[in-house]
Amino acid sequence: MHGWNNPLPPVAQSLKPGCHFTEPSADGVIERYKLRGTVFKGRRPTGDEDTWVVIEPVAQAVVVLENLTRPAVLPARLPP
2 MHGWNNPLPP VAQSLKPGCH FTEPSADGVI ERYKLRGTVF KGRRPTGDED TWVVIEPVAQ
62 AVVVLENLTR PAVLPARLPP
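Numbered according to this note's numbering, the sequence shown spans residues 2 to 81.
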């Protein structure tokens, strides 16, 4: 729960294809899921690039959204 002294985390309003990636922890034990995007809340009007850690289900949801929005690749010629 967020209180008066605990501001909300940054709001990403612009995520682009390929924005998710994994990165090992410093000791190599944990694989961290991360997103890279543009944050606008409390920033300059054009936003600032930022990276933050997300849980695995969020990373999986981003992959699903990328697959749903990827343009279909059609064959050069349709079969007769």
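Ideal Cβ positions, reconstructed from N, Cα and C, are used throughout, including at glycine.
Determine the extent of the alpha helix (DSSP H) in which T70 is found, giving its start and end residues. Residue mapping note: residue 70 aligns to position 69 of the sequence shown, counting from 1. DSSP places T70 inside the alpha helix (DSSP H), whose first and last residues are 57-70.
Distance between K35 and Q14 (C-alpha atoms, nearest Å): Locating residue 14 in the sequence shown gives position 13, where the first residue counts as 1. Locating residue 35 in the sequence shown gives position 34, where the first residue counts as 1. For Q14 and K35, the distance between alpha carbons rounds to 16 Å.
With 16 other CB atoms within 10 Å as the buried threshold, where does G38 fall? Numbered from its first residue, the sequence shown carries residue 38 at position 37. Sixteen is the threshold: when 16 or more other Cβ atoms of the shown chains lie within 10 Å of the Cβ of G38, as they do, the residue is buried.
Is the Cβ-Cβ distance between V63 and H21 less than 9 Å? Here residue 63 corresponds to residue number 62 of the sequence shown, with the count starting at 1. Here residue 21 corresponds to residue number 20 of the sequence shown, with the count starting at 1. Result yes, Cβ atoms of V63 and H21 sit closer than 9 Å.
Under 6 Å Cβ to Cβ from L16, same chain only, skipping five residues before and after it: list those, please. Residue mapping note: residue 16 aligns to position 15 of the sequence shown, counting from 1. Answer for L16: G38, listed in chain order.
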